[in-house]
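Enquirer: Taken in order, these protein sequences are the chains called A and B.
Under this note's numbering, think of the first position of the first sequence as 28, with each following residue one higher.
Under this note's numbering, think of the first position of the second sequence as 28, with each following residue one higher.
Got a structure for you, questions after.
Number of protein chains: 2
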Amino acid sequence: MMPTTKILLDESHIPTHWYNVIADMPNPPAPYLGPDGKPITPDMMTNIFAPDLVAQEMSTERWIPIPQEVRDIYHLWRPSPLYRAHRLEAALGTPAKIYYKYEGVSPAGSHKPNSAVAQAYYNKIAGIKRLSTETGAGQWGSALSLAGSMFGLEVRVYMVKVSYQQKPFRRSMMETWGAEVLASPTTLTQSGRQALAKDPECPGSLGIAISEAVEEAASRKDTNYTLGSVLNHVLLHQTIIGQETRKQLELVGDYPDVVFAPCGGGSNVGGIMFPFLADKAAGKQIRLVPVEPTSCPTLTRGHYAYDYGDSVGLTPLMLMYTLGHDFVPPSIHAGGLRYHGDSALVSQLCKEGILEAMAVPQLATFKAGILFAKAEGIVPAPESNHAIQAVIDEALLCKTTGEPKTILFTLSGHGHFDMVAYDKYLNGELTDQDYPEADLQAALHNLPKVEGVATRN
Amino acid sequence: MMPTTKILLDESHIPTHWYNVIADMPNPPAPYLGPDGKPITPDMMTNIFAPDLVAQEMSTERWIPIPQEVRDIYHLWRPSPLYRAHRLEAALGTPAKIYYKYEGVSPAGSHKPNSAVAQAYYNKIAGIKRLSTETGAGQWGSALSLAGSMFGLEVRVYMVKVSYQQKPFRRSMMETWGAEVLASPTTLTQSGRQALAKDPECPGSLGIAISEAVEEAASRKDTNYTLGSVLNHVLLHQTIIGQETRKQLELVGDYPDVVFAPCGGGSNVGGIMFPFLADKAAGKQIRLVPVEPTSCPTLTRGHYAYDYGDSVGLTPLMLMYTLGHDFVPPSIHAGGLRYHGDSALVSQLCKEGILEAMAVPQLATFKAGILFAKAEGIVPAPESNHAIQAVIDEALLCKTTGEPKTILFTLSGHGHFDMVAYDKYLNGELTDQDYPEADLQAALHNLPKVEGVATRN
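So this is what it looks like as structure tokens:
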């Protein structure tokens, strides 16, 4: 049998600061633009976001202190463990060393509470009483419901109707923490009523749910909006993952040759990879690889252009890789990765060749996840399986070349609420959903026109 | 906000020995009896159990060494954290200090792998290739499937048919780890065929599933049977919970006035309470309180008598508290607590007044679990909610009396696979299932006759 290497840190190692990658990027990030094509100002954001979060969104400071109240909550599950995957290495027969940072230890079961807790805190101290948000698969909605209960804030979650019906257990979990969960589109918002007027049987989409949550926050003084990925401040909060991981690897005298993370909106990528970026800029050999689904290939097939964050066009325009804001990705079981756009920071770093994205198909990810579960015990979330598939390919390549590389990845969450997907895979009912090429091309031709800045991939 | 007190131990503190409470019991345990009323011999058990496990079942040694191979697997999630429930204390306004030992950190989500890993190991080194077992709610089946995948053993799980149909996600998890899961009753065993002949629509029961799994193991040389509670060796393996907890409390200079644990077959009770028993014998003031459901009140309403462990009568006779082997408890959502009997060790210690059992009704346990989830973040398993309800009552009593007692309990697992129960509770669809008094009385009058030893409560 293999020994277990589980690298733990004590509470004194919960990071005291979030790391702001903007301070170390070769080029400043492109500004968000308003409907008039002009850069938006902080004032325009504080209508729906807490002032401290807007300040973080725009900050160029390298280190931003984490309030003690937030660190106290983090300590419920942090520092999270870093594992050496001895048993997976043995199963693959690879000379590579594989490490995984396990974020499923949070009460919500993923890395999402790292930002949810911070967002709830800053809204609490800003005097806000209610938070609105959207959720697809339910990971972010769960995280915010948990954070709301910790700080005594009301939480309303617009949950995409098809998920609301198909994933009742994530909904029950949010309700257990006291949140109100609505099947979107609702009749409570203009955006929802519009969608229902077009199609009374509308199954909902993340785009519509975002519009509903933003509209509610914009119309109520006691309510702010929160988002679980994409934005700079969300990725900022997640950098505690990579900071802890660096320390844990130091304890065993190791450093990664390559880092993989699943990529939907970019919060995992920012979390694990940004804290290694300065090393890379300083000449260190390290590959940083976001892994996305081939069915929603934003970074690998999208255009680098200004686009909306939602389908309706209520958000600012962001310069990012996008499949077009009206592209609807096929239904796959890694719901957290079904987003037409991506974080502007992750996009820019890909554009500049600092991150190197790749895409993997659905069936391979479940095969990889099951191999991982049998070897390492933990049943991964379908999102995490994307990283695992990339890791296995890299480790098998090392087997061929004989290189004993050090491979690191984020196991972003457990799959306890995704067993229906595993069940379908085991019963041979899953396929490699391909996107309709014609729809993708149509969506890409429907990007908003922004004078002099829209560029092509 | 409250600080978080999470007391961690490093891997050097994973216990090196299991603690055998028999060495410190005031009276030796009553022997198991065969069908002829005579004590059974080790030889009679090795037909379906690994020899090392039979030796542990019968051992009177105080300390039994844990093989390094087992400790290596334990280290995937152990030592498990001990938390001080500051936020729950504040929510209750109690002067009491509340600690909980969280066993939901295992990949299977409960304390069950503590014994499953040990049982799989001893069967592996005995040359066994396959393990059979039964599962109701799925906690034990999951744990054994995980352990089987770690040691390369085939696992077949007879899952009570009604659970198989109503809880497909636990089943999918077992299959993800490579186990074969069958809806019991099956047509593969005599016990199953008998049940189906009586009732082709038979929804199954834990008793029938045990009979099927035992029958399979008895009929195949390459296959052994495993059980997730009740037996001495299972409780023995769980004592690592209490051993770790003692060390963790020492680190913060504390000691419990009272300990609560949910009680079905007794593995939680043995795990957390047995390591405190010698202190109590030495005069230390400590209350040890198993908590069971009022709908299946084995310890509080059963008879102390020799009875079978299964419904069909294939197991040895054990002197224990029992509701009668043909008593079928009402369907409640804490499936792990629906057992007609109880561990012989736990029963004897209750009979002798060393443990003091109590029972709580279902609705109160869900109310308690939701209060806990909102305060502490973790959504508990319905079984664990029984302990939480007792803890809350004790803490509120402390509020009345002003006593700053130290209360400890086992949070035996998370509720990720039990959200349908929370959903029903939140929708007002749950009731306090009462057992049919007539059925209970009938079952109690149907206890097997054993010359000179059957006693009444």
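Cβ atoms here follow ideal geometry from the backbone N, Cα and C, with glycine treated the same way.
So if I threshold CB-CB distances at 7 Å, which residues from the region 196–207 of chain B count as touching chain A?
Expert: Taking 7 Å as the Cβ-Cβ cut-off against chain A, the residues of the region 196–207 of chain B that qualify are Phe196, Ser199, Met200, Glu202, Thr203, Trp204, Gly205.
Enquirer: In the region 117–129 of chain B, which residues sit with their C-beta less than 7 Å from some C-beta in chain A, listed in chain order?
Expert: Cβ contacts with chain A: none found.
Enquirer: Looking at the unbroken beta strand (DSSP E) that takes in B/Met492, where does it start and where does it end?
Expert: This structure does not reach residue 492 of chain B, given that chain B is present from 28 up to 484, and the question cannot be answered.
Enquirer: Cα separation between A/His352 and A/Cys323?
Expert: So the alpha carbons of these two residues sit roughly 12 Å apart.
Enquirer: Mind checking who B/Met385 pairs with in its DSSP beta bridge?
Expert: Answer is B/Val318.
Enquirer: Just reading off the alpha helix (DSSP H) that B/Pro356 is part of, what are its end residues?
Expert: Note, B/Pro356: premise wrong, no alpha helix (DSSP H); not H, not E.
Enquirer: Using a Cβ cut-off of 8 Å (strictly closer), state whether A/Ser176 contacts chain B.
Expert: So, interface residue.
Enquirer: Could you have a look at A/Trp90 and say whether DSSP puts it in helix, strand or coil?
Expert: Correct three-state label for A/Trp90: strand.
Enquirer: By how many angstroms is the C-alpha of B/Val339 removed from the C-alpha of A/Pro195?
Expert: If you take the alpha carbons of A/Pro195 and B/Val339, they lie about 38 Å apart.
Enquirer: Taking just the CA atoms, how far does B/Thr342 sit from B/Arg483?
Expert: Bear in mind that a pLDDT of 47 at B/Arg483, under 50, signals an unreliable position, so the model cannot answer this.
Enquirer: Would you check if the distance between the CB atom of B/Leu180 and the CB atom of B/Leu158 is smaller than 8 Å?
Expert: Cβ atoms of B/Leu180 and B/Leu158: closer than 8 Å.
Enquirer: Under a Cβ-count criterion, where at least 16 other Cβ atoms within 10 Å of its own Cβ denotes burial, should B/Gly165 be classed as buried or exposed?
Expert: With 16 or more Cβ atoms within 10 Å of its Cβ, B/Gly165 is classed as buried.
Enquirer: Return the first residue and the last residue of the beta strand (DSSP E) that A/Asp334 is part of.
Expert: Run containing A/Asp334: 330–335, per the beta strand (DSSP E) assignment.
Enquirer: Considering A/Phe436, what are the terminal residues of the beta strand (DSSP E) in which it resides?
Expert: 433–438 is the span of the beta strand (DSSP E), which, as asked, contains A/Phe436.
Enquirer: Whose Cβ in chain A lies nearer than 8 Å to the Cβ of B/Ile91?
Expert: Per Cβ cutoff of 8 Å: no residues; B/Ile91 is ~19 Å from chain A at best.
Enquirer: Show which residues of chain A have a CB atom less than 8 Å away from the CB atom of B/Lys33.
Expert: Those within 8 Å of B/Lys33 in chain A are Glu38, His102, Leu103.
Enquirer: Is the region 274–290 of chain A close to the region 300–314 of chain A, with three or more CB pairs under 8 Å?
Expert: Contact holds: three or more Cβ-Cβ distances are below 8 Å.
Enquirer: Listed in chain order, which residues of the region 447–481 of chain B have Cβ atoms closer than 8 Å to some Cβ of chain A?
Expert: From the region 447–481 of chain B, only Val447, Tyr449, Asp450, Leu453 have a Cβ closer than 8 Å to chain A.
Enquirer: Going along chain C in order, which residues have a C-beta closer than 9 Å to the C-beta of B/His443?
Expert: Among the protein chains in the structure shown, which are A and B, there is no chain C.
Enquirer: Assess contact between the region 91–103 of chain A and the region 117–124 of chain A, defined as three or more Cβ pairs (one per stretch) separated by less than 8 Å. Is contact present?
Expert: The answer is no - the region 117–124 of chain A does not touch the region 91–103 of chain A, with fewer than three Cβ pairs under 8 Å.
Enquirer: Counting contacts by CB-CB distance shorter than 8 Å, is A/Asn484 in contact with chain B?
Expert: Unreliable positioning characterises A/Asn484 in this predicted model, as indicated by a pLDDT of 44, which lies under 50. A coordinate reading is not provided.
Enquirer: Can you tell me whether B/Asn141 is buried or exposed? The criterion is at least 16 other CB atoms within 10 Å of its CB, across all chains shown.
Expert: It is buried - the Cβ of B/Asn141 has at least 16 other Cβ atoms within 10 Å.
Enquirer: Mapping DSSP to helix, strand and coil, what is A/Asn484?
Expert: With a pLDDT of only 44 at A/Asn484, under the threshold of 50, the placement of this residue in the model should not be trusted; the figure read from the coordinates follows. In the structure shown, A/Asn484 sits in coil (DSSP, three-state: anything other than H, G, I, E or B).
Enquirer: Starting from A/Leu173, find everything on chain B with Cβ-Cβ shorter than 8 Å and list it in chain order.
Expert: Those are Gly404, listed as they occur along chain B.
Enquirer: So what's B/Leu485 in DSSP terms, helix, strand or just coil?
Expert: With chain B running from 28 to 484 in the structure shown, residue 485 of chain B is simply not present.
Enquirer: Is there a C-beta anywhere in chain B that falls below 8 Å from the one on A/Pro30?
Expert: Cβ-Cβ to chain B under 8 Å: yes for A/Pro30.
Enquirer: Check the Cβ of A/Ala400 against every Cβ in chain B and list those closer than 7 Å, keeping chain order.
Expert: Those within 7 Å of A/Ala400 in chain B are Thr203, Trp204.
Enquirer: Taking 8 Å as the threshold (C-beta atoms), are A/Gln389 and A/Leu457 in contact?
Expert: Yes, Cβ-Cβ distance for A/Leu457 and A/Gln389 is below 8 Å.
Enquirer: Closest Cβ-Cβ distance between B/Ile397 and chain A: below 8 Å?
Expert: So, interface residue.
Enquirer: Would you say A/Asp99 faces chain B, with C-beta separation under 8 Å as the test?
Expert: Output row for A/Asp99: interface = yes.
Enquirer: Expressed to the nearest angstrom, what Euclidean distance is found between the alpha-carbon atoms of A/Ile67 and B/Phe393?
Expert: Going from the Cα of A/Ile67 to the Cα of B/Phe393 covers about 48 Å.
Enquirer: At a CB-CB cut-off below 9 Å, which residues of chain B make contact with A/Val132?
Expert: Here the neighbours are Val132.
Enquirer: In the DSSP assignment, what are the bridge partners of A/Thr250?
Expert: According to DSSP, A/Thr250 bridges with A/Arg157.
Enquirer: Could you check where the beta strand (DSSP E) with A/Glu207 kicks off and where it finishes?
Expert: Counting along the chain, the beta strand (DSSP E) containing A/Glu207 begins and ends at 207–211.
Enquirer: Using three-state DSSP, classify B/Lys485 as helix, strand or coil.
Expert: No statement about residue 485 of chain B is possible, as the shown extent of chain B runs from 28 to 484 and does not include it.
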